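Structure, as structure tokens:
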Amino acid sequence: MKLRMNSLRDHLREPVNSITHGVGAIAALVAFILLLFEAASGGSLSQTIAFSMFGLSMVLLYTSSSLYHALQVKEKTLKFLQKLDHSMIYVLIAGTYTPICLLVLDGSWKWGLFTTVWGLAVIGIIKKFLWMGAPRWLSTAFYLGMGWMAVLLFPTLVEKLPLAFIIWIVIGGLAYSIGAVIYGIKKPNPIPNWFGFHEIWHLFVMAGTFSHFWAIYYYLPGYAG
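Going by this note's numbering, the sequence shown opens with residue 117, and the numbers climb by one from there.
Have a look at this one:
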């Protein structure tokens with residue numbers, strides 16, 4: 117088993133991380149296509165835009181993550197890929213909010229929240245590119261803060277959407293949050309450098325993405341914006 121894993125390391129910089137999010141990238145592409153087909157089969161322009169932005173954000177996150185953890189490249193290129201990988205987390209968070217903003221919310225909430233989450237995503241990306249060495253807790257707090265702003269929407273979501281949608285969104289939020297805490301404190305770390313805290317975090321991220329994809333894909337097509 118050890119020889120097999122070492123052989124993988126000859127080809128992949130971080131085998132488990134690159135494989136899990138490589139699978140995630142393929143799944144994200146399939147999800148993106150499903151969202152596009154759903155929007156094309158009678159959806160409004162708002163739905164097409166919202167589903168496209170959400171689907172693309174999934175593809176970007178998992179593709180950039182897989183490439184960063186897989187490629188054995190020069191240090192300068194690796195640092196750029198790391199910044200891109202971390203930046204796409206902000207893009208996915210904002211992308212996940214987008215269908216809710218454009219299809220469910222009304223009035224000032226609709227464009228106010230849309231502008232806020234994408235503005236925060238831009239700030240987060242700039243922070244990553246200018247200050248990649250920021251304390252781990254700061255990035256973790258930023259991710260969690262952006263994600264859990266959604267509690268402000270709960271009264272509206274409960275009023276307008278099925279309970280099952282809320283449950284899937286909460287499950288996804290909890291999965292992301294547990295994963296973010298594991299990433300922040302670096303525990304548990306059962307098999308360092310092979311299947312440690314980082315790999316566990318990746319699995320929680322995938323679970324969170326699936327939960328939010330299912331909520332949006334299954335419950336939002338009837339909302340025209």
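Idealized CB from N, CA, C, for every residue including glycine. Predicted model, so just to flag it, every value in this text is computed and none were measured.
Go ahead and label residue i buried or exposed: buried means 16 or more other beta carbons lie within 10 angstroms of its beta carbon, across all protein chains shown.
i: Val139; result: exposed
i: Ala266; result: buried
i: Thr111; result: Outside the displayed span of the chain (117 to 341) sits residue 111, for which this structure offers no information.
i: Glu130; result: buried
i: Pro76; result: This structure gives no information on residue 76, because the portion of the chain shown stretches from 117 to 341.
i: Thr231; result: exposed
i: Asp222; result: exposed
i: Tyr317; result: Inspection of the sequence shows that residue 317 is occupied by Trp rather than by Tyr. Per the 10 Å Cβ criterion, buried.
i: Trp284; result: buried
i: Ser224; result: exposed
i: Glu275; result: exposed
Any idea which residues DSSP pairs residue i with across the strands?
i: Ile307; result: Phe311
Consult DSSP for residue i and reduce its assignment to one of helix, strand or coil.
i: Glu191; result: helix
i: Glu275; result: helix
i: Pro131; result: helix
The segment 190-208 touching the segment 230-250, judged by at least three CB pairs closer than 8 Å
yes
Could you check whether the segment 147-154 touches the segment 331-340, counting it as contact only if at least three pairs of C-beta atoms, one from each stretch, sit closer than 8 Å?
yes
Are at least three pairs of beta-carbons, each pair with one atom in the segment 253-264 and one in the segment 282-296, less than 8 Å apart?
yes
Please go through the segment 212-266 and give each complete alpha helix (DSSP H) segment of 4 or more residues, from N-terminal end onward.
223-246 and 252-264
What ranges does the alpha helix (DSSP H) occupy inside the segment 141-169, keeping only unbroken runs of at least 4 residues that lie completely in it?
none
Is the segment 300-309 touching the segment 322-336 in the sense that three or more CB pairs, one from each, lie closer than 8 Å?
no
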